[in-house]
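The structure under discussion appears below in the form of structure tokens.
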Amino acid sequence: MNEATQQTPVLEARNIGKSLGGRPILSDLSLSVYKGEMKVLIGPSGAGKSTFLQCLNHLITPDTGELLLNGERISPANKGELRSLRERVGMIFQDFNLFDHLTAQENVSIALVKVKKMSRRDASLRAMMELERVGLSRRAGLYPAELSGGQKQRVAIARALAMDPEVILLDEPTSALDPELVGEVLAAIRELARGGMTMIMATHQMDFARALATEILFMEKGAIIERGAPASLLAPGAKTRTQAFFARLVAEESAC
Amino acid sequence: MLSLDMFWNRVIPALNEGLFFSLSLIIPSAVIGFLGGVCIGALRVYAPPAVRRIADFHVGVIRGVPLLLQLYFLYYALPKWGVRFSPYQAALLGFILCSSAYHSEYIRGALLSIRQGQVKAAYALGFSTLQMALCIVIPQAVRRALPGCGNEIIYLIKYSSLAYVLTFIELTGHAKELTARSFHYIEIYFTAGMYYLAMTSLAAWLLGLLEKKTRIPGFGAQK
Ligand SMILES: Nc1ncnc2c1ncn2[C@@H]1O[C@H](COP(=O)(O)OP(=O)(O)OP(=O)(O)O)[C@@H](O)[C@H]1O
Ligand SMILES: [Mg+2]
């Protein structure tokens, strides 16, 4: 890899701002993620994590700021450019958002056919490969309603991976899951990280963040108020907002 | 009593002819009405507000005015403005307009019921709006709308008899003409009724079959 690509972030957001319903939701957020990095967004409910992630692939159009994919500025007015941005930036949602009328395999293959213009045959083969990777090749013919939450989220991961994205955005991928199903999804994401996938993930899984994040960004009221490597933010005795936030989460969990 | 001979040689052939004319109205009205309903329903959900309001208004008028009056209007009033239809054309147009308005109601409801998250997921994968609508939303919405649209088609089979008032002599018209000549009201109207019942039963059976064929686990009308 040459010097230039080493220094160009895969995805860069500059001074993103967004108001919704007349209320500022995000103010002046900037973030650069480099190849193979995993940025973890944490923060209380309503902090704006989901809104920010959706600004990063223009599912929500930011009011201000700009996005650069591999150093190229995305112009939001250009529909083709937006579609190609979304094609290259994968997204995993909290509530899976599988297509209810398609089997697991079709869920993965449909965008290959419609967006990547692959032949049906190649798309199906590729879909099987991706399902295999998340351990679901034997569930390929089942519909979303026939899958557990954990399996649905793994299909969603396969669906995103099949597009060969340059970066994947994950919005609390395990929050909607029963506790016993969290592990299988985190394992799939860990596998991605190990494979060098670039990711930006909102999560409340502290151990996961500690182990895998290159940087933790703590968000509150639409702003990043603390950022740093997990080793420093979560060091024993560190008096950081991040540390306090996780301590409270742990306390709440043991309380109920 | 109506003699058996007359029944088989006069009544049944006349009703069969009427049935043929009825079907020539019902089948195109059902097909075009449904497709039109899908288009209008989609416009009422996705079109820009101005178009949406026009489509809503159109459906409001069609649903709010008696069909009989609409048919009279098409056939007797429009010629005053130089627009002339044959009885068949006027009836067909009236039924298509009516049917598509009702179908659009079911389609609209079904479109609105599709979880917004799936739309987001489609966009996040790089789908265009048209691809999203054609590949994700419409296939699901049509399944959801199927029971309602099926009902509308059953209604259509019955209200197709209104074509009689535009002098388009279909099944009901033939029955009426037969009784005018023979006065066997009970037998003839009863038999004509059985024809309609057969058509609606067949339609209901076919629609049930279609629902079964397109059923997807955990989707649509769960019982
Ligand atoms: N369409 C909208 N209109 C108005 N306000 C909105 C809209 N969508 C989100 N908000 C507000 O924006 C704020 C940020 O929401 P967001 O979902 O991004 O938070 P979050 O950090 O993802 O929270 P959570 O942890 O609950 O998912 C919230 O206060 C929310 O009420
Ligand atoms: Mg959120």
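Sequence lines, in order, name chains A and B.
Under our numbering, the first residue of the first sequence carries the number 1256, and numbering increases by one thereafter.
Under our numbering, the first residue of the second sequence carries the number 33, and numbering increases by one thereafter.
Don't be surprised by glycine CBs; every beta carbon is placed ideally from N, CA and C.
Since we're looking at a predicted model, the values are computed, not measured.
query = Any heavy atom of ligand 2 closer than 7 Å to the CB of K1304 of chain A?
reply = yes
query = What residue from A:M1452, A:L1275, A:I1471, A:G1451 has the CA that sits closest to H1459 of chain A's CA?
reply = A:I1471
inquiry  = Can you check whether the C-beta of V1265 of chain A is within less than 8 Å of a C-beta belonging to chain B?
reply    = no
inquiry  = Along the region 150-161 of chain B, where does the CB come closer than 8 Å to a CB of chain A? Name the residues.
reply    = Q150, K152, A153, A154, Y155, A156, L157, G158, F159, S160
Chain-order list of residues whose beta-carbon lies under 8 Å from that of R1338 of chain A (same chain, five-residue window excluded) = V1370
ask   = Should R1414 of chain A go down as buried or exposed, given a rule of 16 or more other Cβ atoms within 10 Å for buried?
value = buried
ask   = For the putative contact between R1394 of chain A and A1359 of chain A, defined by C-beta atoms under 8 Å, what is the C-beta separation to the nearest angstrom?
value = 6 Å
message = For ligand 1, I want to know if S132 of chain B counts as a neighbour, meaning its beta carbon is within less than 7 Å of at least one of the ligand's heavy atoms.
response = no
ask   = Cβ of L1284 of chain A within 7 Å of any heavy atom in ligand 1?
value = no
message = I'd like to know whether the C-beta of D1462 of chain A is nearer than 8 Å to at least one C-beta of chain B.
response = no
inquiry  = If we define contact as Cβ-Cβ less than 8 Å, is I1271 of chain A a contact residue for chain B?
reply    = no
message = Is I64 of chain B close to chain A? Criterion is C-beta to C-beta, closer than 8 Å.
response = no
key: Given L1488 of chain A as reference, the closest of A:E1507, A:D1462, A:K1476 once Cα atoms are compared   = A:D1462
task = Closer than 7 Å, Cβ to Cβ, to anything on chain B: give me those residues from the region 1346-1374 of chain A, in chain order.
result = M1346, F1348, D1350, N1352, F1354, D1355, H1356, I1365, A1366, K1369, V1370
DSSP state of N1270 of chain A mapped onto helix, strand, coil = strand
key: Secondary structure of I1455 of chain A, DSSP reduced to three states   = strand
inquiry  = For F1354 of chain A and M1452 of chain A, what's the separation of their Cα atoms in angstroms?
reply    = 24 Å
query = If you measure from the beta carbon of P259 of chain B to each beta carbon in chain A, is any gap under 8 Å?
reply = Nothing can be reported for residue 259 of chain B, as the shown portion of chain B is limited to 33 through 255.
task = Flag E1507 of chain A as yes if its beta-carbon sits less than 8 Å from any beta-carbon of chain B, otherwise no.
result = no
key: Exposure label - R76 of chain B; buried when at least 16 CB within 10 Å   = buried
message = Tell me the DSSP secondary structure of I1479 of chain A in three-state form.
response = strand
ask   = Comparing the C-beta of F53 of chain B with each C-beta of chain A, is any distance below 8 Å?
value = no
key: Near ligand 2: D1350 of chain A beta-carbon under 7 Å from a heavy atom   = no
request  = Answer yes or no: do A1457 of chain A and E1421 of chain A have a C-beta to C-beta separation smaller than 8 Å?
outcome  = no
message = By DSSP's criteria, D1426 of chain A is part of a beta bridge. Which residues make up the other side?
response = A:A1457
inquiry  = Which residues in chain B have a C-beta closer than 8 Å to the C-beta of S1487 of chain A? List them in chain order.
reply    = What S1487 of chain A touches in chain B: nothing, since even the nearest Cβ is about 33 Å away.
message = Buried or exposed for T1497 of chain A, going by 16 or more other Cβ atoms inside 10 Å?
response = buried
request  = Give me the Cβ distance between E1267 of chain A and S1287 of chain A, rounded to the nearest whole Å; I'm assuming they're in contact under 8 Å.
outcome  = 5 Å
ask   = Assuming L1340 of chain A and N1362 of chain A make a contact with CB atoms under 8 Å, what is their CB distance in whole Å?
value = That belief does not hold up - the Cβ atoms of L1340 of chain A and N1362 of chain A are roughly 22 Å apart, past 8 Å.
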